[in-house]
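Trainee:
Numbering (mature numbering (1 follows the signal peptide of the UniProt record, and there is no 0)), first residue to last: -22 to -1, 1 to 84.
#1: Can you grab the Cα-Cα spacing for the pair residue 73 / residue 57, in whole Å?
#2: Measure the CB-CB distance between residue 12 and residue 70 and report whether it falls below 8 Å.
#3: Whole angstroms is fine: what's the gap from residue 47's alpha carbon to residue -17's?
#4: According to the neighbour-count rule (16 or more other Cβ atoms, all chains shown, within 10 Å of its Cβ), is residue 68 buried or exposed?
#5: Return the first residue and the last residue of the alpha helix (DSSP H) that residue 19 is part of.
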C-alpha cells in the first residue's frame, strides 16, 4: 500500500513539473526551426561587418576588456539567460561586447 502511494506521488510530481516547464521555457519562434532563418541571419551579420568602414588610422587609445573566465560556454549561457529574461529563446540574441567592431578571443 505504501509503495503504491509513493508511486502515485512521484507520478503527480513529475506531471506537475512537466506541465509548469512549458510555461517557464517558451517555445522557439517557428522560423528558428528552419535552416534558412539562420543562414539569412548569418549572411546579414557578414554583410554588416563588410559594410563597416575600415579604420586605417593609427590607434591613439586602446580599451582592453578582459573577461576573466568569460569563455565561449559562459558567454553562451549569458546570452541565453538574457534572451529568456526577455521571453525569447535567447540563442539569437547577443551580448554588448559581441557587437564591438574589433573583438578577439584568446
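Virtual Cβ for every residue (Gly too), placed ideally from N, Cα, C. Quick caveat: nothing in here was measured; it's all calculated off a predicted structure.
Mentor: The relevant details are as follows:
#1: Here residue 73 refers to the residue found at position 95 of the chain shown. Here residue 57 refers to the residue found at position 79 of the chain shown. Roughly 6 Å between the two C-alpha positions.
#2: As a position in the chain shown, residue 12 is number 34, starting the count at 1. As a position in the chain shown, residue 70 is number 92, starting the count at 1. No, Cβ-Cβ distance for residue 12 and residue 70 is not below 8 Å.
#3: In the chain shown, residue 47 corresponds to position 69, counting from 1. In the chain shown, residue -17 corresponds to position 6, counting from 1. Residue 47 and residue -17 have their C-alpha atoms some 44 Å from each other.
#4: Residue 68 sits at position 90 when you count from the first residue of the chain shown. Label assigned to residue 68: buried.
#5: By 1-based counting over the chain shown, the position of residue 19 is 41. 13 to 29 is the extent of the alpha helix (DSSP H) around residue 19.
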